[in-house]
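Notes to accompany the following structure.
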Amino acid sequence: MKKTSIGGQAVIEGVMMRGKTIYAMAVRNPEGGITLEEQNCTGLSKKYKLFTLPIFRGMAAFVDSLVTGTKIMMRSAEIAGEAIMEEEEPSKFEKWVMDKFGDKMNDIVIYISVFLSIVMSVVLFFMLPVWLGGFFKTVIPTWGLGIVEGLIRISIFLVYIFAISKMKEIQRVFQYHGAEHKTINCFEKELPLTVENVKTCTRLHKRCGTSFLLIVMVISMIVLFFVQTDNIALRLISRIVLVPFIAGISYEVIKWAGNSDNKLVAMVSYPGLCLQKITTSEPDGSQIETAIAAMKKVLEVEGDDSQKIEEMKK
């Protein structure tokens, strides 16, 4: 068995696979074919050497995933719904925005979307747990509030994941998520990338974004245990300020887990793998085809970057 650094993301009616230098997105278009696009990776780690160092590279990956993830999600929605978009007449507001901003409109929409996502995340996963945790400060010592907040944060996350998993549109995305994992697992098992082979592979993978988010929340409980204050405002600020640092540590944990096979890794990965049983679903053949197309494009450009587990342990 071998390991690869290639990762991916489910998008609207398709899959994105990301290598070291490019990412390729394959989307099922309205005609039933596959639209394949590729872009160079231009993240912070490509511009600044600081973000190639441990922990800092995790901070960069966290920011890049927000921007790139939003960008490709919007682009995939455009491709998957091109036929509908062509038939619809733009509203007066849409025409005004297009005339005003031109080619920059997509970039503006992307950054607004990222900003709103961050605001929603801060409210849901930071402000709300801090506020709810405040009700326990009369019965729990200050050092225990961080643990209570962490448990509340994880509970909110699990409820959120379970709730969106019931949405029909999200269920389709979860199938493509499964196709992405199965394709990477097929490649790491050194099997030819065919629909039949991919179907035999598990839809769970240790280097998953779902697992990363869960690890972020567990790591945050450990880090914030050492940040003790009764002041709600200071508690909230400290939690927001430490997000990049916590994301950086979590990235290193995921990277280590993805490149190792031992009992400790199995224990650390187990909760995330259990959660993936909700965030991934078994894909059909056409969905697997899109994941294979994206994977093959990255391999075509970058070649096989994988290493045998035995070689990596040396």
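Residue numbers (my numbering): -18 to 295. Think of the CB as a built atom: it goes at the ideal place given N, C-alpha and C, for glycine as much as any other residue. This structure is a prediction, so every number in the text was calculated from the model and none was measured.
Task: Beta-carbon gap between C189 and N166 smaller than 7 Å - done: For the purposes of this step, residue 189 is taken as the residue at position 208 of the sequence shown. For the purposes of this step, residue 166 is taken as the residue at position 185 of the sequence shown. Contact: no.
Task: Sequence-distant residues of its chain with Cβ nearer than 7 Å to M108 (five each side left out) - done: One-based indexing of the sequence shown puts residue 108 at position 127. Excluding sequence neighbours, M108 sits near L217.
- [ ] In angstroms with no decimal places, state the Cα-to-Cα distance between V282 and R38.
- [x] As a working mapping, residue 282 is identified with position 301 in the sequence shown. As a working mapping, residue 38 is identified with position 57 in the sequence shown. Their backbone Cα atoms lie some 23 Å apart in a straight line.
Task: Distance CB(A(-9))-CB(H158) smaller than 7 Å - done: For the purposes of this step, residue -9 is taken as residue 10 along the sequence shown, with counting starting at 1. For the purposes of this step, residue 158 is taken as residue 177 along the sequence shown, with counting starting at 1. Taking 7 Å as the Cβ cut-off, A(-9) and H158 qualify as a contacting pair.
Open item on the list: Between K187, F168, L185, which has its C-alpha nearest N178's C-alpha?
Closed with: Taking the sequence shown and counting its residues from 1, the one referred to as residue 178 is at position 197. Considering only alpha carbons, the answer is F168.
- [ ] Report the three-state DSSP secondary structure of N21 (helix, strand or coil).
- [x] Here residue 21 refers to the residue found at position 40 when the sequence shown is read from its first residue. Strand at N21.
- [ ] Look at the Cβ atom of E112, then the Cβ atom of Q209, and state whether they are nearer than 7 Å.
- [x] Residue 112 sits at position 131 when you count from the first residue of the sequence shown. Residue 209 sits at position 228 when you count from the first residue of the sequence shown. Going by the sequence as given, residue 112 is Trp instead of Glu. Cβ atoms of W112 and Q209: not closer than 7 Å.
Task: Backbone CA spacing between Y251 and T191 [nearest angstrom] - done: For the purposes of this step, residue 251 is taken as the residue at position 270 of the sequence shown. For the purposes of this step, residue 191 is taken as the residue at position 210 of the sequence shown. In a straight line, the C-alpha of Y251 is about 12 Å away from that of T191.
Task: Per DSSP, the bridge partner or partners of G(-11) - done: On the sequence shown, position 8 is the one that residue -11 refers to. Note: G(-11) sits in a beta bridge opposite M(-2).
- [ ] Return the chain-ordered list of same chain residues with a C-beta closer than 8 Å to the C-beta of G50, the five sequence neighbours on each side being excluded.
- [x] Along the sequence shown, read from residue 1 onward, the residue named residue 50 stands at position 69. Around G50: Q(-10).
Task: Distance CB(A160)-CB(I269) smaller than 7 Å - done: Translated into positions along the sequence shown, residue 160 becomes position 179. Translated into positions along the sequence shown, residue 269 becomes position 288. The answer is yes: Cβ separation under 7 Å.
- [ ] Look up M6 in the DSSP assignment and give the residues it is bridged to.
- [x] Here residue 6 is taken as the residue at index 25 of the sequence shown, counted from 1. The bridge partners DSSP lists for M6 are M(-3), E18.
Open item on the list: I need the boundaries of the alpha helix (DSSP H) containing H158, first residue and last residue.
Closed with: Looking up residue 158 in the sequence shown gives position 177. For H158, the uninterrupted alpha helix (DSSP H) run begins and ends at 149 to 169, by DSSP.
Open item on the list: Once the 5 residues before and after A61 are set aside, which same chain residues still bring their CB inside 8 Å of it?
Closed with: For the purposes of this step, residue 61 is taken as residue 80 along the sequence shown, with counting starting at 1. Cβ neighbours of A61 beyond the five flanking positions: I(-7), E(-6), G(-5), V8, R9, N10, P11.
- [ ] Quick one: using the 10 Å Cβ neighbour count with 16 as the cut-off for buried, is G303 buried or exposed?
- [x] Residue 303 lies beyond the stretch modelled for the chain, which goes from -18 to 295, so this question has no answer here.
- [ ] Would you mind working out which of Q156, M(-2), I200, G115 sits nearest G296, comparing C-alpha positions?
- [x] This structure leaves residue 296 out entirely; the chain is present only between -18 and 295.
TODO: Kindly confirm or deny that the segment 124 to 139 and the segment 229 to 240 touch, where touching means at least three C-beta pairs closer than 8 Å.
DONE: Contact annotation: the segment 124 to 139 does not touch the segment 229 to 240, with fewer than three C-beta pairs closer than 8 Å.
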